[in-house]
Structure formats: C-alpha cells, structure tokens
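The block underneath contains the structure these notes are about, expressed in structure tokens.
Protein chains: 2
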Amino acid sequence: MQQTITLIGSGNVAWQLGQALQKAGHRVEAVYSRTLKNAEALANLLPGCIATDKPDFTQSKSSFFLIAVNDQALQSVADQLNLPANSIVAHTSGSMPMTVLERFPKHGVFYPLQTFTKTKQVDLSEVYFGIEASGKEVYKQLFQLAFTLSRKVQSMSSAQRKVIHIAAVFACNFTNHLFSISKQILEKEQLDFELLKPLVKETVEKAFLLGPDQAQTGPAIRGDEKIIQQHLQYLTDKPDLQNLYRLLSENIRKQL
Amino acid sequence: MQQTITLIGSGNVAWQLGQALQKAGHRVEAVYSRTLKNAEALANLLPGCIATDKPDFTQSKSSFFLIAVNDQALQSVADQLNLPANSIVAHTSGSMPMTVLERFPKHGVFYPLQTFTKTKQVDLSEVYFGIEASGKEVYKQLFQLAFTLSRKVQSMSSAQRKVIHIAAVFACNFTNHLFSISKQILEKEQLDFELLKPLVKETVEKAFLLGPDQAQTGPAIRGDEKIIQQHLQYLTDKPDLQNLYRLLSENIRKQL
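Protein sequences appear in the order of chains A and B.
Just so you know, we're using my numbering here: the first sequence kicks off at 1 and counts up by one.
Just so you know, we're using my numbering here: the second sequence kicks off at 257 and counts up by one.
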C-alpha cells in the first residue's frame, strides 16, 4: 500500500531511505532539515517532495514521520516537532532508545542495520530492518512499511539494538581499523592494499559460511610461535601494532 | 601454451591448483604425496593423471613441478625430490624463502595470494599470483604459467611475501577473530551473527573503495566517550574483550 511519508533529517540515512521509499512506490511528501538548503538537496531528488525547515507538521498528510538525524541531535529535534494527531513517528538510530519519542502517542524505531554514505548507493533489499513500537498496531504498520523495502524485517528491542551496536563495533569499526594497519604495513614496502582484496573477501565469505570459529586460520591458532616471533620482531619500531598483534594472538589461542 | 605439470602435495592448495591448471588447458601428469591415498584422491579428479608416493621423477615429462605442501614439510619434501634436468621447480608458500629450493638449477616461487579449503571452490582468476625466480628465463616461464590462471600476476620477492603475510594476519586472521567475538556477543542475546552480514560486506567494499582511513566510522573515531563507556561497561564480565575494545579504540584515536 502506498504511504505518505515525511523525512526528518537530510543526512546519509535520509538520503538513502528517501530514494528507496520512492522507488518502492511511496510518496515522500516532505524533507525537513534545520538547514533548508540540505533539505532541498534531497527533496530535489524526489518528485513532488517539498523541503522545509519549519517543524510544524500539523497540516501534513503524512502517516509516517521517519527521523534520521544524528544521535546527539535526536532528542532536541524530536522535542520541536508538531505532528498530526494520528501519525506514526519513528527514529532510525541503532543506539538511541525508543523512549526519546515517548511524548508522541504512536512511536517506534525503524532501524536499517547498515552503514550509509551519500555517494555510495546501498541495496536496501539486502538490509535487515529492526522494528520496535509503542503498541501492536504501530508495530504492524512500521513492519509493513519496512517490508516494502526489504524481506529482512524483524522485531528488535532497544536492548537488542544496543548489543548489535557493540557487536558491529567489533565486526565493522575495529575490522576497518585492522584494514588500515594492514594497508600501512604494505605501503611501507611499496605494496598495494588491493593485493589483499580477494583474500579479505574470501575471509568474510568463509566466516559467514562456516562460522568464524571454524574458519580461523593463521599462526596464532596453529600455535606457530616461530612465525609469531618473526612478525613481532618485524613490528619492533611500531609498539602499538606489536601490542595489538600480541593481544589478538593471545585471545585467539584462548579460543582453542 | 599447454604445459605438463606435476603437483608435489595433495592438500588444499594442490587441490585447487590442480583443477584450475587442468581447466586452463594444461596437463597435470602426476600428483605426489607421501601418503599414496591422498595423491589418488586428487589424481582421480584429473583425467590422465597418475598418483605416486615415489619422489623419483627423473623419467617424468613434466616441465613444471609445483610444490604445495605445508611450510613445516617443505624443506624435507624438496630435499627428497629427484627431478629431470631441465625442469622448473617452484613452491607455493607465502612465508618460506625461495632459497629452500636452491639446490635445483631452475627454481622459484609460484604463490597464489588466497586462503584455500578443499570444500570451497575458489575462482583463481581473481587471485593475485606472486612470482619469484632464480633467473630471468625461469621467471618468464612461471609468470606465463600463472597468467593462464589469472591476469593478476606480479613479481614478489621473499621479503615482500613476508610483509604481505604480516599484513594478511591483520586483515584476515585477526579480522576473523573479531567476527568470532562479534558472534559471541550477539549469541549471548539470542541474536544471529547473520544480521551483520550486509554491514560487514559494505565495510569491506568501502574500505577498498575509499581506503580504510577514509572509511573509518564508529564511536572511537567520533570521540564519543559516552558510547565507549557504555560499551566497556557492558563488557565488564569479559575483561579480555574490554582490553581489546580499549586498545583498538585508543589506536583508532591515534590515527586522527
């Protein structure tokens, strides 16, 4: 069913969500931003959509207000909104509790489990959506809206979202940092990080196919002290990397 | 040009290499293993290929002998081989120097930069091959052979292979360990690791597209102490994970 939706925010998440909702056949009625020009940039991509910096939506036709602003701004933006009586308001944050919206009778969370950049189109149909709501009817409506974007929609409590965020810090943010280290090691010897791309992709595929515990390889899990000592010696002038190498290797050994 | 090749070893690397060489139009003449039954298992997949546990190849027609055995066994296996006078022998190891083969007049390294499992077919055409050789003519021959499997063939010294191995420990082995941790955190709350798959895949794509330094996101790079403290508190009963979270976050901060 076609829905009429207003986006509150014009950052990376709003950018991707707005275009995906429109492609899915919904009407994005308006984009709100405290900076009008930012709202306009996104509204211009969505036929028939208006841009506004006024938080008074009492005359709006939208049934859904999706808030996609950063965590620091979420509470203050939500506090300024005036919404039509029967509308549903949901935020899209992984780390903020649903309660920041509790002054609205129908509220919830509409959380796409993905990392977004404006410049890189994301296929939302592959993305998990975590839904939480103030009541059964609101849950059903948010679930159905998400289901028009992806088949991977599921219930997710505020506590679960917090745990997912911690898990994602390890699996994504920290992983990316290991890529930075790896690149730095290679470039010191005029080698291109691109060399590791097939290896990294295969590592990811194996981890999800076999499970990461089964897929673990390398000197630490083999207990190959000779190679470990060679590597630590190579890193002598990088004590931070030595510490990290040592700690991660010890943790892998404990996994046995 | 079709080459005649003998594989020394019948493990994961030999398994994938044998099949790929045959698909590329070469003739795999023989598979050697100290355990005949292992050689037979692979030889049976390759039409016209024989299995042997005798290291005397003085009567062999092969121009290439590719040694794919584990690092610990490499020297002793190489020491037992008797090869035809004009043949080229190369090992496939990422961490062993070329010099383990120096008693053979024509020797080198034929290193596929990938992680291999028997049960999971790998597309070798996407894999980088690192070539090192005892002389120009041998280099050319090994390069051309690799080029029939992949367009990504390049010169790689023993020193460079060692550095690539260290970089791969960070980008692959340690990354996989972070996936294990992430899975463990999720499962404690009855959440499926699969939830993070689209996020992890996007993280990898972004790291190679934008470079990992540009792609870094998360509480550490934002300096979001509130979230970092919440996460550390959640990990109170897992001191190993707390230490790792702290060290990785500090290192990310230093990157700024």
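Glycine included, C-beta positions come from ideal geometry on N, C-alpha and C.
Residue i versus chain A: which residues are under 7 Å apart at the beta carbon?
i: B:H487; result: I166 and V169
i: B:H433; result: Q216, L248, N251 and I252
i: B:Q416; result: E189 and L191
i: B:I483; result: S95
Using the C-alpha atoms, what's the distance from residue j back to residue i?
i: B:F449; j: B:K439; result: 5 Å
i: A:N173; j: A:E205; result: 18 Å
i: B:N294; j: B:F403; result: 28 Å
i: B:T473; j: B:A463; result: 11 Å
i: A:R161; j: A:I88; result: 20 Å
i: B:K374; j: B:N326; result: 15 Å
i: A:N12; j: B:Q272; result: 42 Å
i: B:S371; j: A:I185; result: Checking the sequence, you will find Thr at residue 371 of chain B rather than Ser. Taking the straight line joining both Cα atoms gives about 20 Å.
i: A:K238; j: B:E445; result: 37 Å
i: A:G94; j: A:K152; result: 16 Å
i: B:N300; j: A:Q255; result: 37 Å
i: A:A220; j: A:N82; result: 57 Å
i: A:L196; j: A:L232; result: 20 Å
i: B:S413; j: B:K396; result: 15 Å
i: B:I508; j: A:H177; result: 7 Å
i: A:Q72; j: A:S10; result: 15 Å
i: B:T314; j: A:E187; result: 43 Å
i: B:K392; j: B:A341; result: 18 Å
i: A:S134; j: A:P112; result: 18 Å
i: A:A168; j: A:L241; result: 22 Å
i: B:E296; j: B:Y288; result: 9 Å
Throw me the rounded Cβ distance for the residue i and residue j pair, which I believe falls under 8 Å.
i: B:T348; j: B:L380; result: About 12 Å separates the two Cβ atoms, so there is no contact after all.
i: A:E102; j: A:S62; result: Not a contact, Cβ separation roughly 20 Å.
i: A:Q22; j: A:L7; result: Contact flag wrong, Cβ pair sits at about 11 Å.
i: A:M96; j: A:L74; result: 5 Å
i: A:I228; j: A:S249; result: 6 Å
i: B:Y490; j: A:I164; result: Rounded, the Cβ-Cβ distance is 12 Å, inconsistent with contact.
i: A:F64; j: A:I5; result: 5 Å
i: B:R283; j: B:G304; result: 7 Å
i: B:Y384; j: B:Q410; result: 7 Å
i: A:S180; j: B:D309; result: Not really, about 47 Å apart at Cβ, beyond 8 Å.
i: B:V456; j: A:A171; result: 6 Å
i: A:L42; j: A:A14; result: 6 Å
i: A:G108; j: A:V138; result: 5 Å
i: A:T203; j: B:T431; result: 6 Å
i: B:L503; j: A:L191; result: Wrong, their Cβ atoms sit about 26 Å apart, outside the cutoff.
i: B:P311; j: B:Q336; result: 4 Å
i: B:L405; j: B:A280; result: 6 Å
Mapping DSSP to helix, strand and coil, what is residue i?
i: A:R161; result: helix
i: A:G48; result: coil
i: A:E187; result: helix
i: B:K436; result: In the sequence on display, residue 436 of chain B carries Ser and not Lys. If DSSP states are grouped into helix, strand and coil, B:S436 belongs with the helices.
i: A:S155; result: strand
i: A:Y128; result: coil
i: A:A133; result: strand
i: B:H282; result: coil
i: A:K120; result: strand
i: B:A423; result: helix
i: B:N342; result: coil
i: A:Q149; result: With the sequence shown as reference, residue 149 of chain A is identified as Leu, and Gln is not the correct amino acid for it. DSSP places A:L149 in coil when its eight states are reduced to three.
i: A:P97; result: coil
i: B:F430; result: helix
i: A:D71; result: helix
i: A:T115; result: coil
i: B:D312; result: strand
i: A:L235; result: coil
i: B:T459; result: helix
How would you list, in chain order, the residues of chain B whose beta-carbon sits under 8 Å from the beta-carbon of residue i?
i: A:K61; result: Within 8 Å Cβ-Cβ: nothing; A:K61 doesn't reach chain B, min ~33 Å.
i: A:V122; result: E458
i: A:L199; result: L369, Q370, T371, A424, A427 and C428
i: A:Q255; result: H433 and S436
Identify the contact partners of residue i in chain B, using a Cβ-Cβ distance below 9 Å as the criterion.
i: A:V163; result: I441, L442, K444, E445, L447 and Y490
Starting from the beta carbon of residue i, find every residue of chain B whose beta carbon is closer than 7 Å, and list them in chain order.
i: A:L196; result: A423, A424 and A427
Inset, instruction - Would you list, in chain order, the members of the segment 205-219 of chain A that have their beta-carbon closer than 9 Å to a beta-carbon of chain B? - result: E205, K206, A207, F208, L209, L210, G211, P212, D213, A215, Q216, T217, G218 and P219
Legend entry - Under 7 Å (Cβ pairs) to chain A, residues found in the segment 329-355 of chain B: S351
Legend entry - Proximal residues, the segment 270-289 of chain B versus chain A, C-beta separation under 9 Å: none
Inset, instruction - Taking a Cβ distance cut-off of 7 Å, strictly less, list which residues of the segment 489-500 of chain B are near chain A, in chain order. - result: Within the segment 489-500 of chain B, the qualifying residues are Y490, D496, N499 and L500.
Inset, instruction - May I ask you to list, following chain order, the residues of the segment 180-193 of chain A that have a beta carbon less than 9 Å from some beta carbon of chain B? - result: S180, I181, S182, K183, Q184, I185, L186, K188, E189, Q190, L191 and F193
Inset, instruction - Could you please tell me which residues of the segment 106-137 of chain A, in chain order, have their CB closer than 8 Å to any CB of chain B? - result: L113, Q114, T115, T117, K120, V122, E126, V127 and Y128
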